[in-house]
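Engineer:
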Amino acid sequence: EAEAEERKRKAAAEKAAAEPTPDPAGAQAAEARTAKTPSATRAKADRGRVVDDRDSRGRAKGDDGNRRSGKLTLNQALSGGEGGRQRSVAAMKRKQERLRQKAMGGGQSHEKVVRDVKVPETIMVSELANRMSERVADVVKSLMKMGMMVTQNQSVDQDTAELIIEEFGHRINRVSDADVEDVIKTEEDAPEDLLPRPPVITVMGHVDHGKTSVLDAIRHSKVTAGEAGGITQHIGAYQVTADSGQLLTFLDTPGHAAFTSMRARGAQVTDIVVLVVAADDAVMPQTVEAINHARAAGVPMIVAINKIDLPSANPQKVRTDLLQHEVVVEQMGGEVQDVEVSAKTGKGLDTLLESIALQAEILELKANPDRAALGAVIEAQLDVGRGPVATVLVQNGTLRQGDIFVVGEQWGKVRALVDDKGDRVKEAGPSVPVEVLGLNGTPEAGDVLNVVETEAQAREIAEYREQAAKDKRAAAGSGTSLEQLLAQAKADESVKELPILVKADVQGSAEAIVQAMEKIGNDEVRVRVLHYGVGAITESDIGLAEASGAPVIGFNVRANAPARSSANQKGVEIRYYSVIYDLVDDVKAAASGLLSAEVRENFIGYAEIKEVFKVTGVGKVAGCLVTEGVARRSAGVRLLRDNVVIH
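Reminder that position 425 of the sequence shown reads as 430 in this note's numbering, one-by-one numbering, no gaps.
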């Protein structure tokens, strides 16, 4: 027995020498970790004794059928012990998930809400997710699984949207693009909701008959004390108060061409037309055109016989000439009011305002101020500091700051409203003209403004209108058959073209110039407008003009410095005009091959105003820094702001 015991001690010593010696700190930590388990406690108690501690199955006693006893979590240790079995990590996770679902929903599954989703021919991914009440990320993920790498701001077609909607368990409701305009409310107003509104008056007449002078005389005679009368009014409409206290809204719509385009777009903004006829010149061709426009618009007319202060004035001849065009004034036994006025002396202006107020009472003009706003664009321009700006005449409802609207092919959110005096206002009611800021682009004169509920609706309507306009232009510019295409190509070969590029200060002026250019030409020559826009002449305009061999026409605008330099290098001609009739005459002469090389204005230099001084007895003096060329005494000047002529 002593020898056997000695052999056992030697074997144990050799085995201990073969194992690596752990560091004391690690041994203490391992001992502390394993001290909690029963098997570890037994192993510690049996340390120093070598015994065969195995059961009949060959498993180590205290292992409880789990060889990972040293890796148990606290939950596993607490749930074990019964029958020597312990839960796995996956089983514990499944149990915790069941408990969590039971706590959140009582163990019952919620039914998914199935929605009817309206989808136009194209729809943005974010808007599709919003209409399904699903997460945008989930919709984008589904599209990526279908092989479409799109973002939330990109659009998908109707068929793709249907696949996504069915995948999420909803129902699709296909709608035509034309149906998107159904959101614009067109219901009739109840009679009890209608309140009186100021009349809208447009002053029309022949050139040099004093139309603008009458407008200025009316306005300056009723200008408020707090307003500086010398400030140039960029807005094309303003309000005055008659002696009776009634507000009158005047539209300064320049020229009959703009009035025609507005009528063609269906913007019936005028209630009364004041026809200005010079007493010394009688009825002229454009007077007849103005009469026809007023009749086509279906609005009443008041004749203002101007320049009665001149010795050669003959008002009776004017009344007689009007009879030839079926305009019978009251003094000739008719129903059309006529007033003799003088814009120079101010005579008869109060009588004219009273006649307008009387005509407005007869019309019984009313509107509902408590509905979504409806208006028409009088003028639009691109302001460098403020972006696209539209002069809007509210026709019905009330336009408020923050309203979302769609106007023509553009849409936006009202960022600010500016009245005719230059003051910011919070809202504008019926027959009130305001400048609207917050558009995403420049609309056209005559476009109708409608307030909608959401930006998505406004964007959809604007995109539909833009696409419809593109399709219409493409259809108008293309032949419907091969024979027509060949005939058109043959006709184009025989007709010489004069290409031009037009830039103007406001949208209405640009459109009027384009319309005038389209009327120039015959079977041998015609004028083709390559491009027209609003704002200063830029380098891109010069590049287009050079490629097409066309001159650049600037109407009340100027080219910026890089554009001037580029034009000089490339030999592109730039012509500036401030009167549309001079422009038309020059283009006619150029089309006839008779245009001489005379220069109407020779620019010798440019200067930048640094400071304005007030000098007693002289007035205001501008301190300038010459930036280009020279400044000479007695030379004429033009005042530019953002390359747009303001004086």
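A virtual CB, placed ideally from N, CA and C, is assigned to each residue, including glycine.
(1) May I have the straight-line CA-CA distance separating Gly427 from Val288, to the nearest angstrom?
(2) Between Gly559, Glu8 and Pro316, which lies nearest to Val511 when the distance is taken from Cα to Cα?
(3) Confirm, please, whether the CB-CB distance from Leu354 to Val346 is below 7 Å.
(4) Indicate whether Gly628 and Ile609 have their beta-carbon atoms separated by less than 7 Å.
(5) Can the beta-carbon of Ala661 be found closer than 7 Å to that of Leu404?
(6) What number of angstroms, rounded off, separates the C-alpha of Ile313 from the C-alpha of Glu460?
(7) Can you find the residues in the same chain that come closer than 8 Å, C-beta to C-beta, to Gly407, ignoring five residues on each side of it along the sequence?
(8) Do Pro204 and Lys371 have their C-beta atoms closer together than 7 Å?
(9) Are the beta-carbon atoms belonging to Ala555 and Ile505 less than 7 Å from one another?
(10) If we ignore side chains and look at the alpha-carbon of each, how far apart do Thr165 and Pro567 end up?
(11) Under 7 Å, Cβ to Cβ, is there at least one residue of chain B near Asp591?
(12) Using only CA atoms, which one of Thr621, Ala612 and Val649 lies nearest to Gly641?
(13) Closest to Gly446 by C-alpha separation, out of Pro435, Lys100 and Ala385, would be which residue?
(14) Any idea what DSSP makes of Leu370, helix, strand or coil?
(15) Could you pull out every residue in the same chain whose Cβ sits closer than 6 Å to the Cβ of Ala299, ignoring the five residues on either side in sequence?
(16) Looking at Lys216: is its Cβ nearer than 7 Å to the Cβ of Val281?
(17) Do you know whose CA, among Arg12, Ile547 and Met154, lies nearest Ser570's CA?
(18) Can you find at least 3 beta carbon pairs, one from the stretch 249-256 and one from the stretch 358-365, that sit closer than 8 Å?
(19) If you compare alpha carbons, which of Val557, Asn573, Val456 and Lys593 is closest to Tyr581?
(20) What number of angstroms, rounded off, separates the C-alpha of Ser181 from the C-alpha of Glu126?
(21) Cutting at 6 Å between CB atoms, please list the residues of its own chain near Ser218, excluding the five before and the five after it.
(22) I'd like to confirm the pairing. Which residues does DSSP put opposite His536 in its beta bridges?
(23) Under a three-way DSSP split, which group does Val589 fall into?
(24) Could you work out which residue in Val382, Val411, Glu432 and Leu444 is closest to Arg391 when comparing CA atoms only?
(25) Counting along the chain, where does the beta strand (DSSP E) carrying Arg179 start and finish?
(26) Any idea which residues DSSP pairs Lys123 with across the strands?
(27) Assuming Gln717 is part of the beta strand (DSSP E), what are its boundary residues?
(28) Starting from Val411 and walking both ways along the beta strand (DSSP E), at which residues does that stretch end?
(29) Using only the alpha-carbon positions, how far apart do Asp343 and Val274 sit?
(30) Going by Cα to Cα distance, which pick from Val144, Gln157, Glu139 and Met137 is closest to Met129?
(31) Assuming Ile466 and Glu186 are in contact, meaning their beta carbons sit under 8 Å apart, how far apart are those beta carbons, in whole angstroms?
(32) Just grab the DSSP bridge partners of Thr207 for me.
(33) For the alpha helix (DSSP H) containing Met149, name the first residue and the last one.
(34) Is it right to say Asn607 is buried, meaning 16 or more other beta carbons lie within 10 angstroms of its own, or is it exposed?
(35) At 3 residues or longer, what runs of the beta strand (DSSP E) sit wholly inside the stretch 553-581?
(36) Could you check if Ser483 is buried or exposed, using at least 16 other CB atoms within 10 Å of its CB as the buried criterion?
Structural biologist: Considering the structure as presented:
(1) Here residue 427 refers to the residue found at position 422 of the sequence shown. Here residue 288 refers to the residue found at position 283 of the sequence shown. Val288 has its alpha-carbon roughly 37 Å from the corresponding atom of Gly427.
(2) Position 506 of the sequence shown, counting from 1, holds the residue named residue 511. Among Gly559, Glu8 and Pro316, the Cα nearest to that of Val511 is on Gly559.
(3) Working through the sequence shown from its first residue, we reach residue 346 at position 341. Working through the sequence shown from its first residue, we reach residue 354 at position 349. Here Val346 is near Leu354, since their CB atoms are less than 7 Å apart.
(4) Locating residue 628 in the sequence shown gives position 623, where the first residue counts as 1. Locating residue 609 in the sequence shown gives position 604, where the first residue counts as 1. Contact: no.
(5) Residue coverage of the chain in this structure runs from 6 to 652, which leaves residue 661 outside it and unanswerable.
(6) The residue you call residue 313 lines up with position 308 of the sequence shown. The residue you call residue 460 lines up with position 455 of the sequence shown. Rounded to whole angstroms, Ile313 to Glu460 spans 54 Å at the Cα level.
(7) Position 402 of the sequence shown, counted from the first residue, corresponds to residue 407. Same-chain partners within the cutoff: Lys418 and Val419.
(8) Along the sequence shown, read from residue 1 onward, the residue named residue 204 stands at position 199. Along the sequence shown, read from residue 1 onward, the residue named residue 371 stands at position 366. No, these two residues do not count as a Cβ contact at 7 Å.
(9) As a first step, residue 555 is located in the sequence shown; it is residue number 550 there, counting from the start. As a first step, residue 505 is located in the sequence shown; it is residue number 500 there, counting from the start. Yes. Within cutoff.
(10) As a position in the sequence shown, residue 165 is number 160, starting the count at 1. As a position in the sequence shown, residue 567 is number 562, starting the count at 1. Roughly 47 Å between the two C-alpha positions.
(11) In summary, chain B is missing from the structure at hand, where a single protein chain is found.
(12) Indexing the sequence shown from 1 puts residue 641 at position 636. Here the closest residue by C-alpha is Ala612.
(13) Along the sequence shown, read from residue 1 onward, the residue named residue 446 stands at position 441. Its Cα nearest to that of Gly446, the residue Ala385 stands out among Pro435, Lys100 and Ala385.
(14) Taking the first residue of the sequence shown as position 1, residue 370 is located at position 365. When secondary structure is reduced to three states using DSSP, Leu370 falls in the coil class, being assigned neither helix nor strand.
(15) Looking up residue 299 in the sequence shown gives position 294. Answer for Ala299: Val278 and Met306, listed in chain order.
(16) Counting from one through the sequence shown, the residue named residue 216 turns up at place 211. Counting from one through the sequence shown, the residue named residue 281 turns up at place 276. Val281 is positioned such that its CB atom lies closer than 7 Å to that of Lys216.
(17) Position 565 of the sequence shown, counted from the first residue, corresponds to residue 570. Nearest neighbour of Ser570 by Cα position, chosen from Arg12, Ile547 and Met154, turns out to be Ile547.
(18) Touching, yes, given that three or more Cβ pairs across the two stretches are closer than 8 Å.
(19) Here residue 581 refers to the residue found at position 576 when the sequence shown is read from its first residue. Relative to Tyr581, the option among Val557, Asn573, Val456 and Lys593 whose CA is nearest is Val557.
(20) Here residue 181 corresponds to residue number 176 of the sequence shown, with the count starting at 1. Here residue 126 corresponds to residue number 121 of the sequence shown, with the count starting at 1. Near 6 Å, if we compare the C-alpha coordinates of Glu126 and Ser181.
(21) To locate residue 218, count along the sequence shown from 1; it is residue 213. Ala348, listed in sequence order.
(22) Here residue 536 corresponds to residue number 531 of the sequence shown, with the count starting at 1. Beta-bridge partners assigned by DSSP to His536: Leu506.
(23) In the sequence shown, counting from the first residue as 1, residue 589 sits at position 584. DSSP, reduced to helix, strand and coil, places Val589 within a helical segment of the structure shown.
(24) The residue given as residue 391 occupies position 386 in the sequence shown. Per the Cα distances, Leu444.
(25) Against the sequence shown, residue 179 aligns to sequence position 174. It spans Arg176 to Arg179 - the beta strand (DSSP E) in which Arg179 sits, taken as one unbroken run.
(26) Residue 123 sits at position 118 when you count from the first residue of the sequence shown. Per DSSP, Asn178.
(27) Past the edges of the chain, shown from 6 to 652, lies residue 717, and the structure says nothing about it.
(28) Taking the first residue of the sequence shown as 1, we reach residue 411 at position 406. Following the DSSP letters along the chain, one finds Val411 inside the beta strand (DSSP E) bounded by residues Ile409 to Val412.
(29) Residue numbering aside, residue 343 sits at position 338 when the sequence shown is read from its first letter. Residue numbering aside, residue 274 sits at position 269 when the sequence shown is read from its first letter. Cα atoms of Asp343 and Val274: separation of roughly 23 Å, rounded to the nearest angstrom.
(30) Here the question's residue 129 lines up with position 124 in the sequence shown. Nearest to Met129 by C-alpha distance, out of Val144, Gln157, Glu139 and Met137, is Gln157.
(31) As a working note, residue 466 is residue 461 in the sequence shown. As a working note, residue 186 is residue 181 in the sequence shown. With 8 Å as the limit, Ile466 and Glu186 qualify as a contact, their Cβ atoms being about 6 Å apart.
(32) Your numbering for residue 207 matches position 202 in the sequence shown. Leu256 and Val278, per the DSSP bridge assignment.
(33) Here residue 149 corresponds to residue number 144 of the sequence shown, with the count starting at 1. That run of the alpha helix (DSSP H) goes Val141 to Lys150.
(34) On the sequence shown, position 602 is the one that residue 607 refers to. Classification for Asn607: exposed.
(35) Here the runs fully enclosed are 557-560.
(36) Position 478 of the sequence shown holds residue 483. Because the pLDDT at Ser483 is just 44, under 50, the model does not fix this residue reliably, and the point stays unresolved.
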